[in-house]
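Quick notes on the structure that follows.
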Amino acid sequence: MFARIAATLHTLGLTVSSRLRQDEKGATAVEYGLMVALIAVALVVGVGAFGGSLNGFFNTLFADLGL
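Quick note on numbering: the numbering used here labels position 29 of the sequence shown as 1077, and the sequence is numbered without any gaps.
Here it is as structure tokens:
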């Protein structure tokens, strides 16, 4: 009787651990999606904040280089 309970618990543990490993794939995709969204927001904020000064910098640089 005890062996049967132990075998059932062991099988249940393997099933749960297998499902948790499979669930990490979805969690990883969500994490990458959040990172991409954060980088996109940072770029938009950065360009909005420094866009004018960057434009002036590159215009001066290209003028000095004769481009």
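C-beta atoms are modelled at their ideal positions from N, C-alpha and C, and glycine is treated no differently. Because the structure is a prediction, the values reported are computed rather than measured.
Going by DSSP in three states, residue i sits in which element: helix, strand or coil?
i	result
Gly1094	helix
Phe1100	Reading off the sequence shown, one finds Gly at residue 1100, where the question assumed Phe. The answer is helix: DSSP assigns Gly1100 an H, G or I state.
Gly1114	coil
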